[in-house]
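A.B. asks:
Have a look at this one:
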């Protein structure tokens with residue numbers, strides 16, 4: 001039976017002509033667990049016939065070196081990795097292997113150098129004990145010094161190789177440091193760019209808030225401005241508005257809302273003075289239309305209780321001087337308990353129009 005790959009989403013099968021290799025799942029428990037975790041299939045246990053193809057290894061086949069990126073399969077469709085990241089893993093492992101080789105060569109050269117330094121000492125000790133060396137001819141002397149010279153030449157070559165490899169290692173470290181500096185510089189530039197963008201957004205936000213304040217009607221709009229107070233409320237000045245607020249606010253029985261009590265009074269007075277639609281007031285004060293209606297009726301009752309007495313309301317008999325039929329609510333009303341919303345508005349508006357500092 002032809003083998004097929006066990007990785008999720010992989011359709012590789014063992015067919016003739018295709019340059020794809022298939023590998024068994026390792027028997028070693030520790031390594032086997034790592035492979036199963038990398039393959040990442042739920043409730044799955046590989047059998048003796050389970051295979052994984054070479055497409056899931058960076059170099060096309062597994063490696064028994066734990067430091068090698070192909071120690072465990074890592075290329076899967078459920079975990080996409082950029083090509084640059086894969087190459088960086090390979091280069092990192094290559095540099096690690098080279099460093100290990102350089103260390104091994106350095107240790108070998110050091111051992112050989114130590115051995116070569118020990119030999120002349122032994123020769124010197126022998127010469128002291130046997131002065132016959134002075135009677136040796138040149139050929140015998142050359143035979144004695146030849147191994148030492150050969151050892152020194154070999155040692156010198158080893159040292160040269162070590163120096164060259166160390167120079168390469170230092171150069172690689174310098175390149176790594178340079179890359180790290182470049183990454184840090186790029187991150188610093190990105191941070192500065194983000195900081196600049198954040199500051200710009202904060203400035204835009206501040207500007208938008210200022211524009212919103214200009215477009216939104218509130219107590220702060222008329223505070224200290226008699227001209228705006230007269231336009232929006234009908235009161236002659238802001239002092240009068242403040243006095244009415246102090247006298248009226250305690251009579252309003254409402255739960256705390258988004259608007260301050262000053263803004264609620266202003267909303268009611270703007271409705272009475274400018275007769276703006278409830279929807280318009282909702283937009284101006286940034287609240288719902290139902291809230292505008294509730295606020296208006298609550299403060300209208302409080303204003304009527306405070307200012308209604310300033311306006312004399314004629315008795316029913318006094319209306320006989322008016323020619324023509326009267327509204328039905330005027331004829332039937334016999335007491336203040338039957339005062340309609342329209343009556344309240346008329347009295348409050350009349351009181352506002354005739355309000356002055358002497359009355360307050």
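Numbering (UniProt numbering), first residue to last: 1 to 360.
Using N, Cα and C, we set each Cβ at its ideal position, and we do this for glycine too.
Evaluate the contact criterion for the region 297-304 versus the region 261-279: three or more CB pairs, one atom per stretch, below 8 angstroms.
C.D. replies: yes
A.B. asks: Could you check if residue 234 is buried or exposed, using at least 16 other CB atoms within 10 Å of its CB as the buried criterion?
C.D. replies: Numbered from its first residue, the chain shown carries residue 234 at position 234. With 16 or more Cβ atoms within 10 Å of its Cβ, residue 234 is classed as buried.
A.B. asks: Is it right to say residue 348 is buried, meaning 16 or more other beta carbons lie within 10 angstroms of its own, or is it exposed?
C.D. replies: Translated into positions along the chain shown, residue 348 becomes position 348. With 16 or more Cβ atoms within 10 Å of its Cβ, residue 348 is classed as buried.
A.B. asks: Please state the DSSP three-state secondary structure of residue 49.
C.D. replies: As a first step, residue 49 is located in the chain shown; it is residue number 49 there, counting from the start. Three-state result, residue 49: coil.
A.B. asks: By the 10 Å Cβ neighbour count, where 16 or more other Cβ atoms means buried, how is residue 272 classified, buried or exposed?
C.D. replies: Stepping through the chain shown from its first residue, residue 272 is reached at position 272. Under this definition residue 272 is a buried residue.
A.B. asks: Cα separation between residue 81 and residue 70?
C.D. replies: Stepping through the chain shown from its first residue, residue 81 is reached at position 81. Stepping through the chain shown from its first residue, residue 70 is reached at position 70. Residue 81 and residue 70 have their C-alpha atoms spaced approximately 14 angstroms apart.
A.B. asks: Based on the DSSP secondary-structure assignment, which residues constitute the bridge partners of residue 22?
C.D. replies: Sequence index remark: in the chain shown, residue 22 carries index 22 (1-based). DSSP, once it has assigned bridges, lists 53 as partnering residue 22.
A.B. asks: Are there 16 or more other CB atoms within 10 angstroms of the CB of residue 12, so buried, or fewer, so exposed?
C.D. replies: Translated into the one-based positions of the chain shown, residue 12 becomes position 12. Here residue 12 is buried. Its C-beta has 16 or more other C-beta atoms within 10 Å.
A.B. asks: What does the alpha-carbon distance come out to for the pair residue 31 and residue 66?
C.D. replies: Start at 1 with the first residue of the chain shown, and residue 31 comes out as number 31. Start at 1 with the first residue of the chain shown, and residue 66 comes out as number 66. About 10 angstroms.
A.B. asks: Would you mind reading off the limits of the alpha helix (DSSP H) that contains residue 16?
C.D. replies: Residue 16 sits at position 16 when you count from the first residue of the chain shown. Looking at the DSSP string, residue 16 is not in any alpha helix (DSSP H), and its letter there is neither H nor E.
A.B. asks: Under a three-way DSSP split, which group does residue 78 fall into?
C.D. replies: Against the chain shown, residue 78 aligns to sequence position 78. In this structure, residue 78 counts as coil in the three-state DSSP scheme.
A.B. asks: May I ask you to report which of helix, strand or coil DSSP gives residue 6?
C.D. replies: By one-based count along the chain shown, residue 6 stands at place 6. Coil, per DSSP.
A.B. asks: Tell me where the alpha helix (DSSP H) around residue 289 begins and ends.
C.D. replies: Your numbering for residue 289 matches position 289 in the chain shown. Segment 289-307, the alpha helix (DSSP H) holding residue 289.
A.B. asks: What did DSSP end up calling residue 233 once you bin it into helix, strand or coil?
C.D. replies: In the chain shown, the residue the question calls residue 233 occupies position 233. Helix at residue 233.
A.B. asks: Can you give me the Cβ contacts of residue 24 inside the same chain, cut-off strictly under 7 angstroms, excluding the 5 residues immediately before and after it?
C.D. replies: In the chain shown, counting from the first residue as 1, residue 24 sits at position 24. Same-chain partners within the cutoff: 51.
A.B. asks: Does DSSP classify residue 102 as helix, strand or coil?
C.D. replies: Reading the chain shown from its first residue, position 102 is the one you call residue 102. Note: residue 102 maps to helix in three-state DSSP.
A.B. asks: Only counting the same chain, and skipping five residues up and downstream in sequence, which positions put a Cβ closer than 8 angstroms to that of residue 58?
C.D. replies: Against the chain shown, residue 58 aligns to sequence position 58. Only 69, 70, 74, 75, 86, 89, 90 meet the Cβ criterion.
A.B. asks: Identify the continuous alpha helix (DSSP H) that holds residue 244 and give its terminal residues.
C.D. replies: Residue numbering aside, residue 244 sits at position 244 when the chain shown is read from its first letter. Secondary structure note for residue 244: its alpha helix (DSSP H) is the uninterrupted segment 238-248.
A.B. asks: Give me the Cα-Cα distance between residue 183 and residue 17, rounded to the nearest whole angstrom.
C.D. replies: Against the chain shown, residue 183 aligns to sequence position 183. Against the chain shown, residue 17 aligns to sequence position 17. So the two alpha carbons sit approximately 45 angstroms from each other.
A.B. asks: Taking the alpha-carbon positions, what's the residue 192 to residue 198 distance?
C.D. replies: As a working mapping, residue 192 is identified with position 192 in the chain shown. As a working mapping, residue 198 is identified with position 198 in the chain shown. Answer to the nearest angstrom: the Cα atoms are 10 angstroms apart.
A.B. asks: Nearest CA to the CA of residue 172: which residue from 96, 110, 257?
C.D. replies: For the purposes of this step, residue 172 is taken as the residue at position 172 of the chain shown. Checking every option, the nearest Cα to that of residue 172 belongs to 96.
A.B. asks: Whose C-beta lies closer than 8 angstroms to the C-beta of residue 341 among residues of the same chain, with five residues either side of it excluded?
C.D. replies: Within the chain shown, numbered from 1, the residue matching residue 341 stands at position 341. Result list for residue 341: 297, 300, in chain order.
A.B. asks: Expressed to the nearest angstrom, what Euclidean distance is found between the alpha-carbon atoms of residue 218 and residue 196?
C.D. replies: Reading the chain shown from its first residue, position 218 is the one you call residue 218. Reading the chain shown from its first residue, position 196 is the one you call residue 196. Those two C-alpha atoms are separated by around 34 angstroms.
A.B. asks: For residue 35, is the classification buried or exposed, using 16 other Cβ atoms within 10 angstroms of its Cβ as the cut-off for buried?
C.D. replies: By one-based count along the chain shown, residue 35 stands at place 35. So residue 35 counts as buried.
A.B. asks: Taking the C-alpha atoms as reference points, what is the distance between residue 279 and residue 290?
C.D. replies: Stepping through the chain shown from its first residue, residue 279 is reached at position 279. Stepping through the chain shown from its first residue, residue 290 is reached at position 290. Between residue 279 and residue 290, the C-alpha separation is close to 9 angstroms.
A.B. asks: Starting from residue 268, follow the alpha helix (DSSP H) in both directions and report where the run begins and ends.
C.D. replies: Position 268 of the chain shown, counting from 1, holds the residue named residue 268. 261-274 is the extent of the alpha helix (DSSP H) around residue 268.
A.B. asks: Near residue 5, which residues of its chain fall below 8 angstroms by C-beta distance, leaving aside the five closest residues on each side in sequence?
C.D. replies: The count along the chain shown starts at 1 and reaches residue 5 at position 5. Hits under 8 angstroms: 11, 12, 13, 22, 51, 52, 53, 55, 56.
A.B. asks: Does the separation of the CB atoms of residue 306 and residue 248 fall below 8 angstroms?
C.D. replies: Within the chain shown, the letter at position 306 stands for residue 306. Within the chain shown, the letter at position 248 stands for residue 248. Closer than 8 angstroms, so yes.
A.B. asks: Taking DSSP as the reference, what is the three-state secondary structure of residue 44?
C.D. replies: As a working mapping, residue 44 is identified with position 44 in the chain shown. DSSP places residue 44 in coil when its eight states are reduced to three.
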